[in-house]
Structures are given as C-alpha cells and as structure tokens.
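Here's the structure, in structure tokens; my notes come after.
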Amino acid sequence: MTAVSREIIEHNVLSAIRQFMAVRGLALSEEKIRITHTDEDFDFLGQNVRKYGGKLLIKQALYATLND
36 MTAVSREIIE
46 HNVLSAIRQF
56 MAVRGLALSE
66 EKIRITHTDE
76 DFDFLGQNVR
86 KYGGKLLIKQ
96 ALYATLND
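If you're matching positions, the sequence shown starts at 36 in the numbering used here and goes up one per residue.
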C-alpha cells in the first residue's frame, strides 16, 4: 500500500488492516512489518521492488535466484 505520509500508514491504515484481519481470525506479524519510502528497495514474496529513474521495477529477488 502507499500513502502520502508514514504517519497516515502508522495511525490509520495499519489499524484498519489489523481490524480487518482480526475479524477473520488473523493477525499481522509485528516483527515482519516494514514501512519504507518508495525510493528504497525491498523484497516481498520473492520479488525485489524498487524505483529507478522514476519507474517502478519488480524483479525476482537475489535470494530467490540463489535458492534455485
């Protein structure tokens, strides 16, 4: 998900997601949650997501290719 600011995610969005998941008997893993700016790259479900030259690039993560 994306938002205008980190504060919106921390105070509004995460609580809505926690509530949505709780109704379904699920919970977020606090140690796995990472909030980052879109300019920083991150790995998600075996994919590396990053911005390069104003474009969003999604490629297979390096660790995913090493495990093949």
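Don't be surprised by glycine CBs; every beta carbon is placed ideally from N, CA and C. Predicted, not measured: the structure shown is a model, and the values here were computed from it.
Quick check on DSSP: helix, strand or coil for residue i?
{"i": "ILE93", "result": "strand"}
Thinking C-beta only, is residue j closer than 8 Å to residue i?
{"i": "THR73", "j": "THR37", "result": "yes"}
{"i": "ASP76", "j": "ARG85", "result": "yes"}
{"i": "GLY81", "j": "ALA57", "result": "no"}
Can you grab the Cα-Cα spacing for the pair residue i / residue j, in whole Å?
{"i": "LEU63", "j": "VAL39", "result": "22 Å"}
{"i": "ALA51", "j": "ARG59", "result": "13 Å"}
{"i": "ILE93", "j": "ASP78", "result": "9 Å"}
Every unbroken alpha helix (DSSP H) inside the segment 36-88 [4 residues or more]: Listed in chain order, the complete alpha helix (DSSP H) runs (minimum 4 residues) inside the segment 36-88 are 49-58.
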